[in-house]
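Student: First the structure, which I've put down as structure tokens, then a few questions once you've had a look.
Numbering (the numbering used here), first residue to last: -13 to 214.
Here it is, written out as structure tokens:
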């Protein structure tokens, strides 16, 4: 990583983003401990964190300040993307704590409102993040001073895809519908479906990484054309 990008990443972490990121991260982490609460809702708070990063930086004129520095526009975008990616990954790393508790403590309540935090869940959540990034981060640099409308579009699609991912699990709990076996495979914590769950996890990692790279390239081109 070039020193310019690293310094800009440090700026992202230190100047104005740390406190609000911590608040949203605590909200996300706490959601995993609520009995029978949808597992995809906690990470939705991370998408709010990403949007608020743009909104707060708008009020502090961060973009204008940054481009006045002796740095390239592409490095500015790269630092912001790295920051957003690190926040998303950290949210899932923290989710491993309640996941391990569920696997290790039989009395720890399972999630009956949707998917348990199985390896398949982590893969599907990475795909959800990738879709949100494609819609929001992939368009916000057309005008980074107006993130609201683009975030709304990303949030709507997030919940639509969330419902699609949860549908087989809801069918499994209701024991009705053609996707009962798929829902069981997604949410089962007995270990019987670990092989298939890890395939979904690895697929999610590849999709997240690939979409992240494509979205970054798209955003960098948009910001190069953006006239401050």
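Each residue gets a CB set at the ideal place from its N, CA and C atoms; glycine is no exception.
1) Around the C-beta of residue 43, are 16 or more other C-beta atoms found within 10 angstroms, so that it is buried, or is it exposed?
2) Thinking just about the alpha-carbon of each residue, which of 131, 193 and 103 is nearest to the one in residue 48?
3) Please state if the CB of residue 110 and the CB of residue 16 are separated by a distance shorter than 9 Å.
4) Where does residue 109 fall in DSSP's three states?
5) If you follow the alpha helix (DSSP H) that residue 175 is in, where does it begin and where does it stop?
6) Evaluate residue 98 with the Cβ neighbour count: other Cβ atoms within 10 Å of its Cβ, from every protein chain shown; 16 or more gives buried, anything less gives exposed.
7) Using the Cα positions of residue 134 and residue 121, report the straight-line distance between them to the nearest angstrom.
8) Using alpha carbons as the reference points, say which of 51, 8 and -11 lies closest to residue 64.
9) From the DSSP output, in three-state form, read off residue 22 for me.
10) Take every Cβ of the stretch 151 to 161, pair it with every Cβ of the stretch 66 to 79, and state whether three or more of those distances are shorter than 8 Å.
11) For the alpha helix (DSSP H) that contains residue 81, what are its first and last residues?
12) Would residue 115 and residue 184 be called neighbours here (beta carbons separated by less than 9 Å)?
13) Over what stretch of residues does the alpha helix (DSSP H) that includes residue 93 continue unbroken?
14) Less than 9 Å between the beta carbons of residue 117 and residue 137, yes or no?
15) Please name the residue in 207, 11, -8 and 10 whose C-alpha comes closest to that of residue 123.
16) Just the C-alpha distance for residue 151 and residue 170, rounded to the nearest angstrom, thanks.
17) To the nearest angstrom, how far is the alpha carbon of residue 81 from that of residue 201?
18) Going by beta-carbon coordinates alone, are residue 52 and residue 39 separated by less than 9 Å?
19) Apply the 10 Å Cβ neighbour rule to residue 125 and answer buried if 16 or more other Cβ atoms are within range, or exposed otherwise.
20) Which word fits residue 181, buried or exposed, when buried means at least 16 other C-beta atoms lie within 10 angstroms of its C-beta?
21) Residue 35: buried (16+ other C-beta within 10 angstroms of its C-beta) or exposed?
22) Using the beta-carbon count (16 or more within 10 Å), is residue 178 buried or exposed?
23) Among 92, 32 and 37, whose alpha-carbon lies nearest the alpha-carbon of residue 79?
Tutor: Short version:
1) By the 10 Å Cβ count, residue 43 comes out buried.
2) Of the listed residues, the one whose Cα sits closest to residue 48 is 131.
3) In this structure, residue 16 lies away from residue 110, with their beta-carbon atoms at least 9 Å apart.
4) In the structure shown, residue 109 sits in a helix (DSSP, three-state: H, G or I).
5) Looking at the DSSP string, residue 175 is not in any alpha helix (DSSP H), and its letter there is neither H nor E.
6) The residue in question, residue 98, is exposed, as its Cβ has fewer than 16 Cβ neighbours within 10 Å.
7) When rounded, the separation of the alpha-carbon atoms in residue 134 and residue 121 is 12 Å.
8) Of the listed residues, the one whose Cα sits closest to residue 64 is -11.
9) Under the three-state reduction of DSSP output, residue 22 falls in the coil class, being neither helix nor strand.
10) With a cut-off of 8 Å, the stretch 66 to 79 and the stretch 151 to 161 do not count as touching, because too few Cβ pairs lie within range.
11) Residue 81 -> alpha helix (DSSP H) spans 59 to 90.
12) No. Outside cutoff.
13) Residue 93 -> no alpha helix (DSSP H), and no H or E assigned at all.
14) For residue 117 and residue 137, no; Cβs fall outside 9 Å.
15) Out of 207, 11, -8 and 10, 207 has the C-alpha closest to the C-alpha of residue 123.
16) Spanning the two alpha carbons is a distance of roughly 12 Å.
17) Taken atom to atom, the span from the alpha-carbon of residue 81 to that of residue 201 is near 25 Å.
18) In this structure, the beta-carbon distance from residue 52 to residue 39 does not fall below 9 Å.
19) Label assigned to residue 125: buried.
20) So residue 181 ends up on the exposed side.
21) So residue 35 ends up on the buried side.
22) Exposed, by the Cβ-count rule.
23) Relative to the Cα of residue 79, the nearest Cα in the group 92, 32 and 37 belongs to 32.
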